[in-house]
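Residue 936 in the numbering used here sits at position 33 of the sequence shown, with consecutive numbering throughout. No residue lacks a Cβ here, since even glycine has one placed at the ideal position from N, Cα and C. Source: prediction; values computed, not measured. Here the structure is laid out as structure tokens; the discussion comes afterwards.
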Amino acid sequence: CDTHEFTILYDGPASIGTLVKNNNQHTYLVESDQIDFALTSIKQTYTCHIPVIQTEHSQLNIITDPLFFNFFKPKTISPKNTDLKTSINTKFFYIENRFKSSMTCLCTDLLQKQCELKKKQLLHKLSLATYSLSGFAYAMSEDPGFIFKWKL
């Protein structure tokens, strides 16, 4: 394995996010003055006998083990290694995943709040039944003119 065949595109800190639906899938986000990108992990693998994380882009790997941070030597990035389409696709992929997970969380929260509200309304109506049957009938039917009679 020739380490000179590899190019370091970025060397530095990154934020890690976890998708809600899949706890094993992490998104590595880099935001700096000079570069912004996001990569989603696919699986653990090895490159030159070094543990790396394979991303959705087959030629981009992430080294997370500090023991191997300096294994590959930095060099000038050649134009053939900077693919604009890959960069744009990465940004769109991150935005799509972020939007999808945000919408899923929003819908889940909305349904949960709606369920809690319905439960509170029903409990309120049931507590009204012990004090006023006509008030309970009006609250349940939401129209006047209905009354329940209890037969003992």
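Using the Cβ count rule (16 or more neighbours within 10 Å means buried), how would you classify S944? buried
Once the 5 residues before and after T950 are set aside, which same chain residues still bring their CB inside 7 Å of it? N964
As a quick exercise: from L970, I911, H907 and L942, pick the residue whose alpha carbon is nearest that of E999. L942
P969 in three-state terms, based on DSSP: Three-state DSSP puts P969 in a helix.
Classify F1002 as buried or exposed, calling it buried when 16 or more other Cβ atoms lie within 10 Å of its own Cβ. exposed
Quick one, are the C-beta atoms of Q947 and I956 less than 8 Å apart? yes
Are the CB atoms of G1038 and L1031 nearer to each other than 8 Å? For the 8 Å CB-CB criterion, G1038 and L1031 form a contact.
Could you give the first and the last residue of the continuous alpha helix (DSSP H) run that contains A1040? Bounds of the alpha helix (DSSP H) holding A1040 are L1036 to S1044.
Would a C-beta distance cut-off of 8 Å place I911 and F975 closer than the cut-off? The Cβ atoms of I911 and F975 lie closer than 8 Å to each other.
Cβ atoms of H907 and I919: under 8 Å apart, would you say? No, Cβ-Cβ distance for I919 and H907 is not below 8 Å.
Relative to the alpha-carbon of Q1024, which residue among P977, E1045 and D1012 has its alpha-carbon at the smallest distance? When only C-alpha atoms are compared, the closest one is E1045.
Note down the Cα distance separating E934 from L1014, rounded to an integer number of angstroms. When rounded, the distance between both Cα atoms is 34 Å.
Along the beta strand (DSSP E) that carries S944, what are the first and last residues, could you check? D939 to T950
I need the boundaries of the beta strand (DSSP E) containing L932, first residue and last residue. Looking at the DSSP string, the run of the beta strand (DSSP E) that includes L932 is H929 to E934.
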